[in-house]
Each structure stands twice: as C-alpha cells, then as structure tokens.
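Quick notes on the structure that follows.
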Amino acid sequence: MAEDEQQQGYTQWAPPAAMADAVDAFWQFWVPRRPQRGASLLQQHRVLPDGCTDLIFDFHHAPGRAWLARSRLGIVGPMKRFILIDLEPGAVSLGVRLRPGWAQALLGVSPRELCGLNVTVQDCAPAFAQLQRRMEDCATPAHAMTLLQDTITQRWASFLDVAKPRAVQALAHLQSSGGQVRMTALARSLGVSERTLHRDILDEAGVAPKLLARVLRFQRAVSLLRANGDAALCDIAFECGYADQAHLSRDVRELAGVSPSALVG
Numbered sequence: 074m075a076e077d078e079q080q081q082g083y084t085q086w087a088p089p090a091a092m093a094d095a096v097d098a099f100w101q102f103w104v105p106r107r108p109q110r111g112a113s114l115l116q117q118h119r120v121l122p123d124g125c126t127d128l129i130f131d132f133h134h135a136p137g138r139a140w141l142a143r144s145r146l147g148i149v150g151p152m153k154r155f156i157l158i159d160l161e162p163g164a165v166s167l168g169v170r171l172r173p174g175w176a177q178a179l180l181g182v183s184p185r186e187l188c189g190l191n192v193t194v195q196d197c198a199p200a201f202a203q204l205q206r207r208m209e210d211c212a213t214p215a216h217a218m219t220l221l222q223d224t225i226t227q228r229w230a231s232f233l234d235v236a237k238p239r240a241v242q243a244l245a246h247l248q249s250s251g252g253q254v255r256m257t258a259l260a261r262s263l264g265v266s267e268r269t270l271h272r273d274i275l276d277e278a279g280v281a282p283k284l285l286a287r288v289l290r291f292q293r294a295v296s297l298l299r300a301n302g303d304a305a306l307c308d309i310a311f312e313c314g315y316a317d318q319a320h321l322s323r324d325v326r327e328l329a330g331v332s333p334s335a336l337v338g
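In this note's numbering, each residue carries its 1-based index in the sequence shown increased by 73.
Set out below in structure tokens:
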C-alpha cells in the first residue's frame, strides 16, 4: 500500500526484555497525506495519561526523495489528564515511552519540571540536539526509528551499574500492582516516612504517588475494557480496585474526558 494511502494508525514494539523495567515501548503514529474518503479534514487524537515520559521525533512525511519536513525532537512529560491533538495529513511521530522513574537517568530531564509539557530537546535536553540531526539524516523513517532504539539502548546500558534511587523500588511496586498499593504500607515496607516517599516519587516520576497510583489503576481498567468490551463495568471496577462501578466511570471521565463506553467504542 502506498504511504499516501496508508490508514491512520499506531504501532508499538516491546523493548528487549532486559530493558522492560525502564522502557514501556517504542512506537510510531502515522497520519496519511491523503485523508481517507469521507473523513473530516480536522481530526483529533485523544492521548491518555499513563505516568510515562516520551521522547518523540515529529515530522511531516514529504513526497519525493526528501522523506521528512518540519522535524522536531521533543520530550513530553507525565500527564495528569487527557489531551487532544490535532491530526494533520502527513504527520508522523516516532517515539519511546519511558516508565516512571527513568526520565532523569535516560534523558537527563526532570519529569517533575516537565509535567504536562511538550518541550523541544533544545530547551530541556540539548545533549539530544545531535540525535535530532542524525535522525534527520537517516535515509528512511525505519532507519530513524532504529537510530532512536539504538540510542536509548546505549543510554540504558550505561546506567546498569549506577545506584538506583530509592524511589525506583517504590515505583516498581506501584506499577506491578496496577496502582493498588496503600502509601502507608509502601512507605513502611521501604523504611521511610510517607512524606519522604511522596517527595521521592514526585521527584523521580513527576507526579505525586497517589495521582500516579490513580493513573496506573485507570490504565489497567482501560486495557481490560479494550480487551473485553463485553465485560461488565462492575467486574472491571472490582478487579482494578475501584470502590464500585460509579467510581470507575467517574475516574474515566475525569482522566479521559469521556465515558467508559465512548472511550472503547
């Protein structure tokens, strides 16, 4: 299928197993240059909060030998709620999604300072300006994605022997439980006060621990809803640790901006 005629879509690739604690996924989002027949000229994409920080190479797919135009390499910090992005024909994004607690180590940026922001690397991580130039010089988008993957892999390897912050262990507990961990119990298991735990997670993840737990619980519920659209909301609410179905619906509306049925419909 010609690239002009490709259907709009999102594709992601799992990182090597050894990097799974740090990298959630490498991904691509593509908008065809020619809108599909009957499609609205102005379309929007709903991006949901997930607690992660992304390094994203945006460009417009250009015809002819020059495969890109209007390129930009930026970092998107953790989000507290959904955002809507206008989709332009020919827009392409190549990205890597880093799990909470790894933005500082792998990108050299503070997720707390970037919370809710989308900032160019020139403004927040100038060391990555060279990566942008190298990606622009790649022969194809596939080569640019390979370069992005190789760069993150190399940076991850350089931090293997570095002592990890105490918050990394706490973040691992939060993620593995889908946000179903009481902060008092988590602080006690780590031998710190709740205030110290709050500060550590806020510094390393960019959002407060209770909000991060809420986002992780929401993400698990969304995954279950999308995997089984026929499942009863009350069953998903119970499995994900919500008080009841109304609690789940309220959280989805606040974090996603739509009802559970509209989100997966």
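Virtual Cβ for every residue (Gly too), placed ideally from N, Cα, C.
Coarse secondary structure for residue i, derived from DSSP in three states
i: Asp259; result: According to the sequence shown, residue 259 is Leu rather than Asp. Three-state result, Leu259: helix.
i: Ser144; result: strand
i: Val169; result: strand
i: Leu190; result: coil
i: Asp324; result: helix
i: Trp86; result: strand
i: Arg138; result: coil
i: Leu157; result: strand
Contacting residues, own chain, Cβ-Cβ under 8 Å from residue i (five flanking each side not counted)
i: Ala198; result: Ile148, Leu180, Gly181 and Val182
Buried versus exposed call for residue i [16 or more other C-beta atoms within 10 Å across all chains shown]
i: Ser262; result: exposed
i: Arg268; result: exposed
i: Leu187; result: buried
i: Gln177; result: buried
i: Met74; result: With a pLDDT of 30 at Met74, under the threshold of 50, the predicted position of this residue should be treated as unreliable, though the coordinate-derived value follows. Burial call: exposed.
i: Gly264; result: exposed
i: Leu128; result: buried
i: Leu233; result: exposed
Contact test: residue i Cβ vs the ligand MN heavy atom, cutoff 7 Å
i: Gln242; result: This structure lacks the ligand MN, and indeed carries no ligand of any kind.
Close beta carbons around residue i, own chain, < 7 Å, minus the five adjacent residues each side
i: Ala95; result: Leu171, Arg172, Trp175, Leu179 and Trp229
i: Ala87; result: Ala98
i: Ala202; result: Val194 and Gln195
i: Val192; result: Gly147 and Ile148
i: Thr257; result: Glu267
i: Ile309; result: Ala294, Leu297, Leu298 and Leu321
i: Gln242; result: Leu263
Chain D contact for residue i (CB, 8 Å cutoff)
i: Ser266; result: Annotation note: the requested chain D is absent from the structure, which comprises a single protein chain.
Beta-carbon spacing of residue i, residue j below 8 Å
i: Val104; j: Leu190; result: no
i: Gln292; j: Cys307; result: no
i: Asp131; j: Arg145; result: yes
i: Leu247; j: Leu285; result: yes
i: Gln117; j: Leu157; result: yes
i: Arg154; j: Leu298; result: no
i: Val337; j: Gly302; result: yes
i: Val169; j: Leu221; result: yes
CA-to-CA distance, residue j to residue i, given in whole angstroms
i: Leu141; j: Ala135; result: 5 Å
i: Pro184; j: Gln227; result: 21 Å
i: Ser296; j: Ser250; result: 14 Å
i: Arg255; j: Leu289; result: 13 Å
i: Pro274; j: Arg138; result: Per the sequence shown, the amino acid found at residue 274 is Ile instead of Pro. So the two alpha carbons sit approximately 46 Å from each other.
i: Cys125; j: Met92; result: 15 Å
i: Ala294; j: His271; result: 24 Å
i: Pro214; j: Met208; result: 8 Å
i: Cys211; j: Trp100; result: 17 Å
i: Leu259; j: Leu244; result: 10 Å
i: Asp223; j: Tyr83; result: 21 Å
i: Pro89; j: Ala217; result: 18 Å
i: Arg143; j: Glu312; result: 45 Å
i: Pro333; j: Asp123; result: 16 Å
Spatial neighbours of residue i in its chain, beta-carbon cut-off 6 Å, leaving aside the 5 residues before and after
i: Glu277; result: Gly174, Pro238 and Ala240
i: Gln253; result: Gly314
i: Val165; result: Trp103, Phe132 and His134
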